[in-house]
Amino acid sequence: MDPDDGLVHVLVIEDDRDVSALLKRHLTGLGCRVTVADSGEKGLDLAFGDPPDMVIVDILLPGIDGREVIRKLRADERTKHCHLVVSSVLDREDLVELATHELLAKPFRQAAVARLLASYRSSLSQEE
450 MDPDDGLVHV
460 LVIEDDRDVS
470 ALLKRHLTGL
480 GCRVTVADSG
490 EKGLDLAFGD
500 PPDMVIVDIL
510 LPGIDGREVI
520 RKLRADERTK
530 HCHLVVSSVL
540 DREDLVELAT
550 HELLAKPFRQ
560 AAVARLLASY
570 RSSLSQEE
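In this note's numbering, the protein residues as written are 450 to 577.
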């Protein structure tokens with residue numbers, strides 16, 4: 450969480466503008482600071498420049514796909530702590546090897562986004 454404002458910083462890496470706008474609206478409404486990137490490359494640049502608390506990554510991205518984004522986030526000291534969430538239309542079984550914290554299946558509803566945030570906040574309180 451951002452020590453200045455207490456907001457959870459979420460980075461959304463999603464090439465579909467409608468999906469990223471919907472996620473941003475839901476997350477902002479839930480009290481998050483949201484940054485959006487429309488490609489894996491831009492997402493990595495943003496994550497390394499201002500490490501977020503949570504990253505929601507689409508798997509099917511142009512250029513560097515979501516799988517590679519997740520590997521790079523996990524490997525870097527600045528971002529290895531991030532709570533990683535895969536956002537995808539793919540089946541959960543196709544994503545097991547990624548070992549992310551959670552899956553946000555598409556299409557999603559606001560309640561699913563709220564559950565993600567609640568799960569993240571719960572994990573914080575368990576670490577304390």
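Built from N, CA and C at the ideal position, the CB exists for glycine as well.
The stretch 492–554 contains, as complete beta strand (DSSP E) runs of 3+ residues, the segments 503–507, 532–537 and 551–554 (chain order). Ranked by Cα distance from Pro501, the first of Val534, Arg466 and Arg564 is Val534.
Contact holds between the stretch 485–500 and the stretch 454–461, because three or more Cβ pairs, one in each stretch, are under 8 Å apart. Of the other Cβ atoms in all chains shown, 16 or more fall within 10 Å of the Cβ of Leu566; this residue is therefore buried. The shortest C-alpha to C-alpha distance from Glu517 to any of Leu495, His530 and Glu490 is the one to Glu490.
Counted as a single uninterrupted DSSP element, the alpha helix (DSSP H) harbouring Arg474 occupies residues Arg466 to Gly478. Short of 6 Å from the beta carbon of Ser469, and not among the five residues preceding or following it, lie these beta carbons of its own chain, in chain order: Val461, Glu463 and Val485.
Distance check between Ala496 and each of Lys555, Thr528 and Tyr569 places Thr528 closest, using alpha-carbon atoms only. Excluding residues up to 5 positions away in sequence, Asp464 and Ser488 lie with their Cβ nearer than 7 Å to the Cβ of Pro511 in the same chain.
Take Ser536, set aside five residues on each side of it, and the residues of its chain with a beta-carbon closer than 7 Å to its own are Glu463, Ile505, Val506, Asp507, Leu553 and Lys555, in chain order. Across the structure, Leu479 and Arg558 are spaced so that their CA atoms are roughly 13 Å apart.
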